[in-house]
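Notes follow once the structure below has been shown.
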Amino acid sequence: MIVTPKIRGFICTTAHPDGCAANVQSQIDYVKSLPALANPPKKVLVIGASTGYGLASRIVPAFGGGAATIGVFFEKPGVENKTGSAGWYNSVAFEKAAAAAGLYAKSFNGDAFSNEIKETVIRAIKADLGQVDCIVYSLASPRRTDPTDGETYKSVLKPIGQSYSQKNVNTDTGEVSPITIEPASDEEIAHTIKVMGGEDWELWIEALSGAGVLADGFKTVAYSYIGPDLTYPIYTNGTIGRAKEHLEESAARINSQFGNDTAYVSVNKALVTQASSAIPVVPLYISLLYKVMKEKGLHEGTIEQIQRLFSDHLASGGKPTLDDHLRIRIDDWEMREEIQKAVAEAWEKVTTDNLSEISDFSGYKKEFLRLFGFGLEGVDYQAETETERPLPSEK
Ligand code: NAI
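Each residue of the sequence shown is one higher than the one before, counting from 249 in the numbering used here.
Here you go:
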């Protein structure tokens, strides 16, 4: 079929298989254009491996370090005349490129929060790899069914304690207008921690350890965000921030069991991904941030960020550099004073009328479409394309 974008609010309900493949290939090409990682992990499990930061976290150790990778994600395969999700096509493309490069790659499409998928992945590790030496936890999910009580928890993106009013951009129309978000209830806070905190990360490590499939000296990393004062009420001091605090506590618990320098939280840059597009206020901040960082030659996407995470911290041969809270900071360029000052000044000024001039809103929109495989060079979007694309490792 001929695949075109169908955008509904902050999601695109179609994805272009060839565009997604081109997107994955450009990330692979970037990694291959750089020196190989000095001290790479060799057997990597990525939970949340199909899009955004998780996809980049699969590509970097594979193509920068020759690692075997297992990816876990929750995606929709395409069928005849109906496209699958971008993460599905990304993973098909990743597996094909890995096979062509002689790299082991297996993927599991299912609910990472469930016991079943943990058991399935453990069986695959035992059968194919013996052990894993690096586990990346990069889930972003609106809900989680806890396998111990069977209850489904939903995460919310809300401030805590008081309502939050701020400028916001409607990403469909480009209209900048104020938005007010009411504070979360105690139950909503607790549920967001259940979904986006570190409980499931710990459960994965516990299950892998119990099965004896963790290599001595293994490393594990999960991702967080901090950002500027202006988004503090909706992010760092909001429900999602509470979940990220829990993630840091989980890292400390994993370290107390397996030794310091086992588990890390890496604070990453704000970037257009399926998860971040759903957060109020953040898309406007990202549009302004991109403009400033591009002008200063400091802009990075997920692949550049994760390349830096591995080359400077996780696979450098030395120990990662940590902040006072023992976190890795690859948001360091975003948080530079000159960058934040310029963004804060633009934030004061931005309106619907000057949005395209003082922000990189067009770049934001292009990047959003690229997530779904649209707008990539060399892809013939007028041509019929096959929507049913099996995952090579599922055959
Ligand atoms: P994303 O939406 O691109 O990726 C989410 C991944 O989780 C996908 O692979 C998806 O298939 C998988 N997933 C979701 N629910 C699942 C389930 N039940 N079972 C199995 N897989 C499931 O999100 P993004 O932005 O890459 O986020 C990843 C992590 O990075 C999150 O912890 C997020 O908070 C963090 N982060 C994101 C930033 C951003 O600006 N995008 C900035 C800093 C941190």
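Even glycine gets a Cβ: it sits at the ideal position worked out from N, Cα and C.
Determine the burial state of S411: buried for a count of at least 16 other Cβ atoms within 10 Å of its Cβ, exposed for fewer.
-> It is exposed - the Cβ of S411 has fewer than 16 other Cβ atoms within 10 Å.
Tell me, please, whether the region 422-429 touches the region 328-347 by the rule of three or more beta-carbon pairs shorter than 8 Å.
-> No, the region 422-429 does not touch the region 328-347.
Taking 7 Å as the line, does the beta carbon of E399 fall inside it for any heavy atom of ligand 1?
-> No, ligand 1 has no heavy atom inside 7 Å of this Cβ.
Mind checking whether the beta-carbon of E323 lies closer than 7 Å to any heavy atom of ligand 1?
-> Yes, ligand 1 has a heavy atom inside 7 Å of this Cβ.
Provide the residue span of the alpha helix (DSSP H) that contains I527, from first to last.
-> DSSP places I527 outside any alpha helix (DSSP H), giving it a letter other than H or E.
Secondary structure of R584, DSSP reduced to three states | The answer is coil: DSSP assigns R584 none of H, G, I, E or B.
Going by beta carbon distance, what residues of the same chain come within less than 6 Å of Y471, once the five residues before and after it are set aside?
-> Apart from the 5 residues on each side of it in sequence, Y471 sits with its Cβ closer than 6 Å to the Cβ of Y301, S386, S514 and N516 in its chain, given in chain order.
Short Cβ contact (8 Å threshold) for E323 with S339 | Their beta carbons are under 8 Å apart, which means E323 touches S339 by this criterion.
Are A388 and G296 close, meaning C-beta to C-beta below 8 Å?
-> Yes. Within cutoff.
Entirely within the region 407-494 and at least 4 residues each: give me those alpha helix (DSSP H) ranges in chain order.
-> Whole alpha helix (DSSP H) segments, 4+ residues: 434-444 and 447-458.
Is the region 270-288 touching the region 303-313 in the sense that three or more CB pairs, one from each, lie closer than 8 Å?
-> Three or more beta-carbon pairs separated by less than 8 Å link the region 303-313 to the region 270-288, which places the two stretches in contact.
Ordered along the chain, which non-local residues of its own chain (more than five positions away) have a Cβ less than 7 Å from that of K254?
-> Apart from sequence neighbours up to five positions away, the residues of its chain that approach K254 with a beta-carbon distance below 7 Å are C260, T261 and T262, ordered along the chain.
Give the range of the alpha helix (DSSP H) segment to which V267 is assigned.
-> For the sequence presented, residue 267 should be read as Gly rather than Val. From DSSP, the alpha helix (DSSP H) with G267 extends over P265 to K280.
Taking Cβ to Cβ, would you say E436 is nearer than 8 Å to V404?
-> A contact, by the Cβ cut-off of 8 Å.
Do you know how far the Cα of S504 is from the Cα of G312?
-> If you draw a straight line from the Cα of G312 to the Cα of S504, it is about 30 Å long.
Lining residues of ligand 1 - beta-carbon closer than 5 Å to any non-hydrogen atom, in sequence order = Result (chain order): G296, S298, T299, G300, Y301, G302, F321, F322, G335, D359, A360, S386, L387, A388, S389, Y471, Y473, N516, A518, L519, T521, Q522, A523 and S524.
Where Q630 falls, given that 16 or more other Cβ within 10 Å makes a residue buried = Q630 is exposed by the Cβ-count criterion.
Could you say which of A304, L495, K330 and H547 lies nearest to W449 if we only look at CA atoms?
-> When only C-alpha atoms are compared, the closest one is L495.
C-beta contact flag for F609 and S535 at 8 Å = Yes, the pair counts as a contact, with Cβ atoms nearer than the cut-off.
Terminal residues of the alpha helix (DSSP H) in which I383 lies = I383 -> not in any alpha helix (DSSP H); beta strand (DSSP E) instead, spanning V380 to Y385.
How is the beta strand (DSSP E) around L293 delimited, first residue to last?
-> For L293, the enclosing beta strand (DSSP E) has its first and last residue at K291 to I295.
Please classify E582: is it buried, with 16 or more other beta-carbons within 10 angstroms of its beta-carbon, or exposed?
-> By the 10 Å Cβ count, E582 comes out buried.
Sort D434, M541 and G549 by Cα distance to R584 and report the nearest one.
-> Between R584 and the set D434, M541 and G549, the nearest pair of CA atoms involves M541.
Pull up the distance between the alpha-carbon of V529 and that of V294, whole angstroms please.
-> Taking the straight line joining both Cα atoms gives about 29 Å.
Pick from E596, N485, Y612 and L603: whose alpha carbon is nearest that of T521?
-> Minimum Cα distance to T521 is reached at Y612.
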